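The structure appears below as structure tokens.
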Amino acid sequence: MSLRFKRIIRTSGIVFISGFIYYFSTQIGRDDLIYPGYTSPIWLASGVALGLTLLLGNCAIFGIFLASFLSSSGMDLSSGVWIDIGKNLYLSFLIGLFSALQSYIGKIVLSGRIPKYRISDRTQFVFLFIFLEAIVCIVGSMGSVASMYFLGKIEFSLIRQSWLTWWIRDTLGVYIGTPFILFWFQGYYKIPRWKEFLESTVLFLLIVFFSLASFGFITSISSFGYPLAYVLVPLILWSAFRLGERASSLAVVLSSIIAILGMVSESPQFYGESTNASNILLQFFVAVLSITSLLIASMVNERKEAENQLRISHQSLEEKVEERTHELLRSNEILREEIQEKNEARAALEKSQIRYMGLFEHLPVAIIEADYSQLKQILDSLPFDIQGDAFSDYAETHPDFVRLCFDSIQVIGVNQETVNLLRVESADAVYKNWKLFLVRITSRFSGEFCGRFVKNLIFTKSKSILGFTTIRG
């Protein structure tokens, strides 16, 4: 089977299905009393036409046109009549044309303004749908009424009233039929729980019961004359709040169909001084039901969406907190390992230092630990060209400089052999009078000490800060 043939089959199927559904929607109240055979106070077919066009695409427009033409021409499948010879076929053609054109314009207007035609997702979408479709329905009403006038079906004095009636019935049909089609044929389905099923059953039985009782189908109750139709308002609210948009749209469609059939049977529920007044009362009542259900359903969906976003945000926050907690625990573990390593290094250093101090303290050689930092500063202040042999010559010819360098040295440690050599009681005595002891050492080991000192000066000028002086006695 070729792709082109599949496309032809698909297009033909869409045209047939859309035309079939539209035709049966036109039979609801078609013989009700504004213009028998052409329209009724609430034209559900206009909403069905727009809904099918939105769902099935532009191919559905051809099925809507054919079904509208056949319906306006008096087609009656139950009696086998295809075209009533008493009907004006030109008028039927024009009514079908404007019905299809209205559906096409309605789709263009909604496309891009309401994502995926999800009317009840936002309250603003509901108001946008109500406003735009009220304007779009002017197309079908103006075209159809103008056609009726030019073909001699109505007089000029009735144009304004006829247009208003036609526009209201199309608009209400869109408000009722389009949401029903979109809600029930879009999205996914889930199996209801038994409590939800029981609640839905009770609700729809109540809606059907009070609708039948309100519009004269249960004479034992309607004879009391009470306005039972207004009991439907809280039931519609119940369906929107508890059961969602599909249940509320079905409830509105059921109550509207029963109301239309009740008007056909001349129900006294919305009885006015004239047929037109009765139709207006019915139209206002159905408008309240449909618009209220749409608004309530949109508010419920917005609340659910907000709760879902809050749940997602809370879950994301919990994941981030858990992730940060893991990171913090890992950081603490790393820090603990680093602290342990530092403690081990410090312990090893202390152990090494103790070992070093033990060796330093008990060596049989006199050792003096000195701080040459001040000496380094003095040597760094000399000109850069005094290096090597030039520095040795400079030190030999400048005894004051040598004395200054000698005085800048700070003794910070001596071992026990040094204390014994200097014949003092403790190392503290060496720290306090180390210069005096160095003079004694110098006088005793003058040649060796002075030579070492000059070498130390040369070494300190290059890089040393701490140094050790060893004296063998």
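So for the sequence shown, the UniProt record's numbering puts the first residue at 1; every next one is plus one. Where a beta carbon is used, it is the ideal one built from N, C-alpha and C, also for glycine. In this text the structure is predicted, and so the values were computed from the model without any measurement.
Assigned with DSSP and collapsed to three states, I14 falls in helix. Straight across, the Cα-Cα distance linking N433 with P383 is about 33 Å.
DSSP, read as helix, strand or coil, puts I412 in strand. If you compare the alpha carbons of A49, S313, V414, E338 with that of E133, the shortest gap goes to A49. Leaving aside the five residues that flank L228 on each side, the residues in its chain whose CB is nearer than 6 Å to its CB run, in chain order, F210, A213, S214. Taking all protein chains in view, the Cβ of K107 is crowded by 16 or more other Cβ atoms within 10 Å, so the residue is classified as buried. The criterion of a C-beta distance shorter than 9 Å is not satisfied by S316 and A240.
About 6 Å separates the CB atoms of V174 and C137; that is less than 8 Å, so the two are in contact. In this structure, the beta-carbon distance from G47 to P179 falls below 9 Å.
Excluding five sequence positions before and after F62, the CB atoms of its chain that fall closer than 6 Å to its own CB belong to V15, given in chain order. Taking 9 Å as the cut-off, the Cβ atoms of I95 and S144 count as close.
For E369, the secondary structure class from DSSP, reduced to helix, strand or coil, is strand. Taking the Cα positions, D389 is about 58 Å away from N332. Here the region 414-424 makes contact with the region 363-381; the two share three or more CB pairs at distances below 8 Å. A residue is called buried when at least 16 other Cβ atoms come within 10 angstroms of its Cβ; R7 does not meet this threshold and is exposed.
Between V252 and S200 the beta-carbon gap is near 15 Å, outside 8 Å, which marks them as no contact. Apart from sequence neighbours up to five positions away, the residues of its chain that approach R122 with a beta-carbon distance below 7 Å are S298, E302, ordered along the chain. In this structure, D371 lies away from V430, with their beta-carbon atoms at least 9 Å apart. If you look at F129, you'll find it in the alpha helix (DSSP H) that goes 123-150.
K195: member of the alpha helix (DSSP H) spanning 194-214, first to last residue. In the three-state DSSP reduction, W43 falls in the coil class, being neither helix nor strand. Distance from the CA of Y189 to the CA of R336, rounded to the nearest whole angstrom, comes to 55 Å. Taken atom to atom, the span from the alpha-carbon of M263 to that of I280 is near 11 Å. Counting only the Cα atoms, D380 lies some 39 Å from E341. Around the beta carbon of V126, 16 or more other beta carbons lie within 10 angstroms, which makes this residue buried.
Rounded to whole angstroms, the gap between the alpha carbons of L203 and S18 is 30 Å. Distance from the CA atom of D400 to the CA atom of A348, rounded to whole angstroms, is 45 Å.
A distance below 7 Å between beta-carbons, with the five flanking residues on each side excluded, links Y90 to the following residues of its chain, in chain order: L151. Rounded to the nearest whole angstrom, the C-alpha separation of Y117 and F131 is 15 Å. Selection L172, I257, S141 evaluated against I159 yields S141 as nearest (Cα-Cα). Here Q387 carries a coil assignment [DSSP, helix/strand/coil]. Distance from the CA atom of R169 to the CA atom of K153, rounded to whole angstroms, is 19 Å.
DSSP places S157 within a helical segment (H, G or I) once states are collapsed to three.
By the criterion of a C-beta distance shorter than 6 Å, S162 is surrounded in its chain by V145, I154, once the five residues flanking it on both sides are discounted.
Using a 10 angstroms sphere on the CB of P41, the tally of other CB atoms reaches 16 or more, which defines it as buried. In the displayed model, R423 falls within coil according to three-state DSSP, outside both helix and strand.
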